[in-house]
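Have a look at the structure below, then the notes.
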Amino acid sequence: MLSLYKLYLSIPSLFLRKRTPTCASELSGDIKYLDKIPKHLAVMFWSDDIQEERLIEAAQLCCWAWCFGVKILSIYEPEGHLKEYTQLLQSHINIVSRKFITLEKILPTIRVTSPNSVSSPVGHETNQSDLIVNLISRSDGRARIVEATKSLTKDVLQEKIKYENVNIQELDRRLRISQIPEPQLLILFSSIIDLNGFPPWHIHLTEIFHVPINQKFSYSVFLQGLRKYSKCNQRFGK
Amino acid sequence: MSTVTHDSKTTDKEVFDSTIPSSPNSLSKHFHEFLIKILRYGKIPRHIGFIMDGNRRFARKINVQTTEGHYMGFLKMEEVLDICLQLGVKVVTVYAFSIENFKRPKEEVDALMHLAKTKLIELCQSQTVKKYGVCVRILGNMSYVSQDLREVIEEAVEMTKDNNRSILNVCFSYTSRDEITNSVKTIVKMVENKQIQVEDIDENLIEKCLFTHGCPPLEILIRTSGEIRLSDFLLWQCHQDCHIHFENCYWPEFSIWKMLQIILEYQLAN
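So the sequence lines, in the order shown, correspond to chains L and B.
Just so we're aligned, residue 1 is where the first sequence starts under the working numbering, counting upward by one.
Just so we're aligned, residue 1001 is where the second sequence starts under the working numbering, counting upward by one.
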């Protein structure tokens, strides 16, 4: 019954297939129709295990994101395995971007980092990169709120901060992942939306996009997500 | 996102009946009950959350006043609550009014507060609440709420506090970040008072200090109106193993059919 249902859901996707671009110039037609671009885009990693092929896809994604003007790309992989491949991902990005971005005179700097790595993007380093690729995991979610609570409690006990000043802003300041604000858009390449431990504090107003019928990593889903975001209008409670 | 409502003018009922297809006649009622009975053979989520968005836009769509949209939203909430309880859901949590909603025009906020006062007690006396033994709780930051409304809320909560078969959490003057901050502050106070040590702080403790403490994990979260964000609702609770659905209809248009489809998808995935 489940497979029948899935088959039914997959019918429209047959008409939606869009070819994966091989060169940056193929994207220009898609870019010009977007009114706004998320400065910080988050993406849920699209596989349970990390193979070479997935890392190449991630490198492609980084190139697309850079072409569209995204400044920070957070890739969420719950178990934290992706963080172990930081170096490898970086070298794939270097290779893929050289092939992909052919028209620019100077290649953009795309730098991979993760919240716990030694070279966290703070201050001047952030400004020097054209795109920061931020690898995050479940440990940057609830666990970080626990850590922030502990540090706040210690600070209150040591009278570094008054109890009255423990508020949303203070907590928000302490929960910032590597000085990075929350993403404006989160894209999932899955048929259902399950946040899978994504940092809860950091998506309070994030647009969450997925395509129920298209369950694979693809340029088409990426583009549809950006299109949807471009049309979104936030009212902030009003 | 606000549902709370209206002093009952006679026109409300008429507008409601003429525009919403789901006031069931007895045949379709039996058919609905039959479908619900079938679904009850499968796994039923214990806790469902709703962001009841789109009352105002629905009112605009059918050319009635904003407050009437909110009134329809309230009726829809009662209807959906009843469906959930028939299915056997234990806890329903609804987003009725966000702290951010206080930024809306004063007349709208005043009207909503007035309607909350009249409808809350009515809700606690309703057939559904009695039939399913619903304990109605109001979750939120009461420091933003006026004294007289706070008294009504206390009265309403008092009326159903001994009901123990199911729970309706009405998030009112609520945001999730405010709830988490409140939990953190509670914990800081506990350490200050030497009830616990800093080392005792963990996810469990934060969860126990949230407004939703004691509720089973949130398994489904539904937002209507086609918006695709959480708008600061149950962020901690929906972070994992929770199906999030963004439905492309206004809250007053949400129907039993959409509800049953979501439950079916949940059952197929589990």
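In this text, a Cβ means the ideal position worked out from N, Cα and C, and glycines have one as well.
Residue 1121 of chain B sits away from residue 153 of chain L, with the two beta carbons spaced by 8 Å or more. Within the model, the alpha-carbon separation for residue 1085 of chain B versus residue 1068 of chain B is close to 26 Å. In the three-state reduction of the DSSP assignment, residue 141 of chain L falls in the coil class. The three-state secondary structure of residue 163 of chain L, taken from DSSP, is helix. Against chain L, the CB of residue 1110 of chain B has no partner CB under 8 Å away; the residue lies outside that interface. Taking 8 Å as the cut-off, the Cβ atoms of residue 1205 of chain B and residue 1236 of chain B do not count as close. Note that the segment 1114 to 1132 of chain B touches the segment 1155 to 1164 of chain B; at least 3 beta-carbon pairs, one per stretch, sit closer than 8 Å. Nearest in C-alpha terms to residue 36 of chain L, of all of L/151, L/235, L/230, L/234, is L/230. When the five nearest sequence neighbours on each side are left out, the beta carbons in the same chain lying within less than 7 Å of the beta carbon of residue 130 of chain L are those of 66, 108, 109, 110, in order along the chain. In terms of CA proximity to residue 1224 of chain B, B/1247 leads the group B/1247, B/1234, B/1207, B/1239.
Residue 1195 of chain B and residue 1251 of chain B have their C-alpha atoms spaced approximately 44 Å apart. Under the DSSP definition of a beta bridge, residue 42 of chain L partners with L/74, L/186. With a contact defined as Cβ atoms closer than 8 Å, residue 22 of chain L and residue 219 of chain L miss out at about 10 Å. With contacts defined by Cβ atoms closer than 8 Å, residue 197 of chain L and residue 209 of chain L do not form a contacting pair. For residue 1096 of chain B, the enclosing beta strand (DSSP E) starts and ends at 1091 to 1098. Straight through space, the alpha carbons of residue 1059 of chain B and residue 1065 of chain B are spaced by roughly 6 Å.
Here residue 33 of chain L carries a coil assignment [DSSP, helix/strand/coil]. In summary, the residues of the segment 176 to 208 of chain L whose CB is separated from some CB of chain B by less than 7 Å are 192, 193, 194, 195, 196, 197, 198, 200, 201, 203, 204, 205, 206, 207, 208, in the order they occur in the chain.
Across the segment 141 to 168 of chain L, CB contacts with chain B closer than 8 Å involve 141, 142, 143, 145, 146, 148, 149, 150, 152, 153, 154, 156, 157, 163, 166, 167, 168, in sequence order along the chain. Between residue 39 of chain L and the set L/50, L/104, L/182, the nearest pair of CA atoms involves L/182. Under the Cβ distance rule, residue 237 of chain L counts among the residues neighbouring chain B, one pair being separated by less than 8 Å.
The alpha-carbon of residue 1173 of chain B is positioned some 11 Å away from that of residue 1113 of chain B.
In the structure shown, residue 1135 of chain B adopts extended strand secondary structure according to DSSP, grouped into three states.
Within its own chain, the residues whose Cβ lies closer than 7 Å to the Cβ of residue 1178 of chain B, once the five positions on either side in sequence are excluded, are 1099, 1141, listed in chain order. Taking a C-beta cut-off of 7 Å against chain L, the contacting residues of the segment 1236 to 1267 of chain B are 1236, 1238, 1239, 1240, 1241, 1242, 1243, 1244, listed in chain order.
In this structure, the CA atom of residue 1270 of chain B is about 28 Å from the CA atom of residue 1170 of chain B.
DSSP places residue 1070 of chain B within a helical segment (H, G or I) once states are collapsed to three.
Interface flag for residue 171 of chain L against chain B is set, since a Cβ pair is found closer than 8 Å. Bridge pairing for residue 1166 of chain B: B/1134 [DSSP].
For residue 1038 of chain B, not one C-beta of chain L is nearer than 8 Å to its own C-beta. Closest in C-alpha terms to residue 1262 of chain B, from the list B/1045, B/1041, B/1029, comes B/1045. Note on the segment 1025 to 1092 of chain B: whole alpha helix (DSSP H) runs with a minimum of 4 residues are 1026 to 1039, 1055 to 1061, 1066 to 1087, in chain order. Residue 43 of chain L sits close to residue 73 of chain L, with the two beta carbons spaced by under 8 Å.
If you keep only unbroken beta strand (DSSP E) runs of at least 3 residues inside the segment 84 to 115 of chain L, you get 110 to 113.
Taking every protein chain shown into account, the CB of residue 1063 of chain B has fewer than 16 other CB atoms within 10 angstroms, so this residue is exposed. Residues of chain L with a Cβ closer than 8 Å to the Cβ of residue 1177 of chain B are, in chain order, 168, 171, 172, 201, 204.
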